[in-house]
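Undergrad: According to this note's numbering, the sequence shown is numbered sequentially starting from 7.
Glycine residues also receive a C-beta, built at the ideal position from the N, C-alpha and C atoms.
Keep in mind that this is a model prediction, so the values were computed, not measured.
Can you keep this structure in mind? I'll have questions shortly.
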Amino acid sequence: MSPGEFHSRHRRLLERLYSGTPAGAWGLTLDGFAAAVYASWHKHGAESDAEQYTGALRLRDLALAAACAQGLEPAWRQFFDELRAPLRASGRALAGERGEELADGLFGELYQERERLASFAGRSSLAGWLRAVLYQTFIDLVRVEKKQVSLEEREEAGEVAAAPPAPDPVEQADYERIAQAALETALALLPPRQKLLLDFYYFHGLTLREAAALVGVHEATASRELERARAALKKNLTGILRKEHRLREHEVTRCLYEAARAGLEIRSSLQDRGASTVQK
């Protein structure tokens, strides 16, 4: 049965179900709601009676996920306000502060990859579905880190050849050149929306609310994105200086100072390793 046939055959049922949810307040149309119900039924209950199947669905959560998948801002505000705190609590129980950060990151990822929310079928609660996604994200991250630790252990054991040390860049011009090149590479690694927020907030002097409005996100989302952008920028920059330019620790500190000195007004993020104590 096609979506159109499903909608036509079950129109009264869909209208009744739609009216029993806040979907309209979030901007989700009857057609959008019907499409989400059909997708769930077609994937999981096509052999069953539609009314019986939909009677077991979490229709409010299904409508909210469908509205968010369409990028409807009222739905995203509801999604954030209702689900952020419990998901952060789940993350904290899973992995402490790191779990809270993963929960915040998941919200950002879902906003950027809204089609993932369209896969929610309403057969469980949306909160439960999010917890499952968060748990899988954590497991995947742990697996990646175990592989990285294994490689580091092999390097320490001499099984993997270490890179030769770089010459000491003693000239001021060398520090500035390396810092500029590494900074450009580090910035390029950031997601487009994070770069926009950094640009609007730090270079154009917009308020957080104004910057959030320009990129089409909730102010709270923009705040989290900026925090992640600052942390990612510093992590990227430090990694590039160590791995690509093969700098030692004091050289990395000096280059972080030069990067901040070059004009980026995010010194607290770039200099909290003590770079502010380095003199020209």
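Using three-state DSSP, classify P80 as helix, strand or coil.
TA: In the structure shown, P80 sits in a helix (DSSP, three-state: H, G or I).
Undergrad: G114 to R18, Cα distance in whole Å?
TA: Going from the Cα of G114 to the Cα of R18 covers about 37 Å.
Undergrad: Quick check on A231: does DSSP put it in helix, strand or coil?
TA: Just to set this straight, residue 231 is Glu in the shown sequence, not Ala. Three-state DSSP puts E231 in a helix.
Undergrad: Helix, strand or coil: which one does DSSP assign to P92?
TA: In the structure shown, P92 sits in a helix (DSSP, three-state: H, G or I).
Undergrad: Using only the alpha-carbon positions, how far apart do K240 and A138 sit?
TA: Roughly 30 Å between the two C-alpha positions.
Undergrad: Mapping the DSSP letters down to three states, classify L220 as helix, strand or coil.
TA: The answer is helix: DSSP assigns L220 an H, G or I state.
Undergrad: Which of helix, strand or coil does DSSP assign to T244?
TA: Reduced to three states, the DSSP call for T244 is helix.
Undergrad: Looking at C-alpha atoms only, which residue of S14, A194, E88, P28 is the closest neighbour of L132?
TA: Closest option to L132, Cα to Cα, is E88.
Undergrad: Using three-state DSSP, classify A62 as helix, strand or coil.
TA: Three-state result, A62: coil.
Undergrad: Could you pull out every residue in the same chain whose Cβ sits closer than 7 Å to the Cβ of R83, ignoring the five residues on either side in sequence?
TA: So the qualifying residues of the chain are H224.
Undergrad: Would you report the Cα separation of Q142 and R98, rounded to the nearest angstrom?
TA: Rounded to whole angstroms, Q142 to R98 spans 15 Å at the Cα level.
Undergrad: Taking the alpha carbon of Y59 as the reference point, which residue from A75, V258, L116, Y44 has its own alpha carbon closest?
TA: When each option's Cα is compared against that of Y59, the closest is Y44.
Undergrad: Quick test of your reading: A187 and N242, contact by CB under 8 Å. State the CB separation rounded to the nearest angstrom.
TA: Actually they are not in contact, since the Cβ atoms of A187 and N242 sit about 13 Å apart, beyond 8 Å.
Undergrad: Quick one: residues in its chain with C-beta nearer than 7 Å to the C-beta of Y24, no 5 flanking neighbours on either side, listed in chain order?
TA: Same-chain partners within the cutoff: L36, F39.
Undergrad: Just checking my contact of R199 with E231 at CB under 8 Å: how many whole Å lie between their CB atoms?
TA: Going by Cβ atoms, the distance from R199 to E231 rounds to 6 Å, so yes, they are a contact pair.
Undergrad: Return the residue from the list G245, A238, F126, W135 that minimises the CA-CA distance to A185.
TA: Here the closest residue by C-alpha is G245.
Undergrad: Assuming A81 contacts L65 under a Cβ cut-off of 8 Å, what Cβ separation, rounded to an integer in Å, is found between them?
TA: Not quite, the Cβ-Cβ distance comes to about 14 Å (not below 8 Å), so this is no contact.
Undergrad: What are the start and end residues of the alpha helix (DSSP H) that includes G10?
TA: From DSSP, the alpha helix (DSSP H) with G10 extends over 9-15.
Undergrad: Determine the direct distance from the alpha carbon of G33 to that of A6, and round the result to whole angstroms.
TA: Because the chain spans 7 through 286 in this model, residue 6 falls outside it and cannot be assessed.
Undergrad: Checking 8 Å against the spacing of the C-beta atoms, do F144 and L116 come in under that value?
TA: For F144 and L116, no; Cβs fall outside 8 Å.
Undergrad: For A52, collect the residues of the same chain with a Cβ closer than 8 Å to its Cβ; drop the 5 residues on either side in sequence, then sort them by chain order.
TA: Excluding positions up to five away in sequence, the list reads M7.
Undergrad: Taking R22 as the reference, which of G77, E57, G10 has the closest Cα?
TA: It is E57.
Undergrad: Quick one: measure Cβ to Cβ for L140 and A109, integer angstroms, because I've assumed they're closer than 8 Å.
TA: Confirmed, about 6 Å.
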